[in-house]
Amino acid sequence: MVQPVPLAEIWRGPFLESVHLGHAVIVDGTGQIVEAWGDPSVTVLPRSSSKMLQALPLIESGAADAFGLGQEQLALACASHNGAAIHTDRVRAWLDHIGMTDDDFRCGPQEPGDKEARDALICAHDAPCQYHNNCSGKHSGFLTLNKHIGGDPEYVQTDHPIQRAVLDGFEDLTQEASPGFGIDGCSAPNFATSLLGMARAMAFYANAKEGQGVRASAAARLRDAMVAYPELVAGEGRACTELMRAMDGRVALKTGAEAFFIAIIPEKGWGIALKVADGTTRGAECAIAALLVRHGLLDAEHPATRKRMNAVIRNWRGIETGMIRPAEQILPRANG
């Protein structure tokens, strides 16, 4: 196994203080590697970066159309949202639409990441509900599909027809048999693959077009929903939302827990997957921004980029103390 390589660095004054090591790979529509750093064959749990794959059966089964789901719901099915009102209002309306309640979820309650929503709960002395969970959109998709097929309510069980359908699509698009799974924070199984396999799957999404077949049509609809509603995929202040906006819908992005990140790039037909080995989000956000700048997809000076790549670090008095920047080997070519 090739060892992880530097992807992002933390500098304090003239001193290199910390280094985030990891692996990254860019794949084209034929499954060939365009560029790679570290070990593309490393086994990974893509965590929430796999939500587009987990949402495939929602469309492929006909459930999305049977319940009249639009792009907003499809974007939420792929989301790790902040639990802001723009997210939870839509999730609750979705539940009402399919005749389900918060009790039907199996994702568990989670304090909202959105400060306004969190403060409102505290002031009202209320506890968070399951619809506040950052994965409640994905689980709304699971519930919709489960109602469509008349499945057992324990839809997160690995042997449930929904999760078997997820695995079928996952293995097809990664072009690998999954070696197993872990249980995600929202209680659904998260299937493992290689980093290369995940990039292959994202390249499929990049090249998918409606009318090319059931799976390609489903992938295209999910990708297009994400770029149409970046604020639903994550939320204000979040990297996925801000960077997708900065690229004017040219690229779909999705983070995953423990410093995973993917990019879907239709104009190049590429998929990107990266994993920072220490699980630190700041490293993954810096690295994905650098790779997008490297290939001319993201403006290096855009404010959303500068929050994550070549971002100034300040102390509590506002004094500039350092910077987080990409490692030399992934520097944008114009700067390298």
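Counting in the numbering used here, the sequence shown runs without a single skipped number right up to 363 at its last residue.
Ideal Cβ placement from N, Cα and C applies to all residues, glycine included.
Asked                                                                                                                                                                        : Found
What is the residue span of the beta strand (DSSP E) that I289 lies within?                                                                                                  : F287 to I292
Count the other C-beta atoms from every protein chain shown that fall within 10 angstroms of the C-beta of V193, then say buried if there are 16 or more, exposed otherwise. : buried
For the beta strand (DSSP E) that contains R352, what are its first and last residues?                                                                                       : E347 to P353
With distance defined between alpha-carbon atoms, name the residue in S76, D55 and G126 nearest to A219.                                                                     : S76
Could you tell me the alpha carbon to alpha carbon distance between H159 and N109, rounded to whole angstroms?                                                               : 8 angstroms
Is there a Cβ from chain D that is less than 7 angstroms from the Cβ of A151?                                                                                                : Of the protein chains in this structure there is only one, and it is not chain D.
How far does the beta strand (DSSP E) with G298 in it reach, from first residue to last?                                                                                     : W297 to V303
Suppose only complete runs of 4+ residues qualify. What are the alpha helix (DSSP H) ranges in the segment 202-254, listed by chain order?                                   : 222-234
Does the Cβ-Cβ distance between T268 and A279 come in under 7 angstroms?                                                                                                     : no
Helix, strand or coil for G363, going by three-state DSSP, please let me know.                                                                                               : With a pLDDT of 39 at G363, under the threshold of 50, the predicted position of this residue should be treated as unreliable, though the coordinate-derived value follows. In the structure shown, G363 sits in coil (DSSP, three-state: anything other than H, G, I, E or B).
Pop quiz: Q137 and N161 are said to be a contact at Cβ under 8 angstroms. What is the actual Cβ separation, rounded to whole angstroms?                                      : 6 angstroms
Looking only at C-alpha atoms, which of A317, D153, D326 and K302 sits nearest to E355?                                                                                      : A317
The alpha helix (DSSP H) with G310 in it runs from where to where?                                                                                                           : T308 to R321
Classify E258 as buried or exposed, calling it buried when 16 or more other Cβ atoms lie within 10 Å of its own Cβ.                                                          : buried
Counting only the same chain and skipping the five closest in sequence on each side, list residues whose C-beta sits under 7 angstroms from that of N362.                    : With a pLDDT of 42 at N362, under the threshold of 50, the predicted position of this residue should be treated as unreliable, though the coordinate-derived value follows. Result list for N362: empty, nothing under 7 angstroms.
Check whether the segment 46-61 touches the segment 82-93, taking contact to mean three or more Cβ pairs, one atom from each stretch, closer than 8 angstroms.               : no
Between which two residues does the alpha helix (DSSP H) carrying E365 extend?                                                                                               : One cannot answer for residue 365 here, as it falls past the ends of the chain, which runs 28 to 363.
List the whole-angstrom C-beta distance separating C134 from S163, where the pair is believed to meet the contact cut-off of C-beta under 8 angstroms.                       : 6 angstroms
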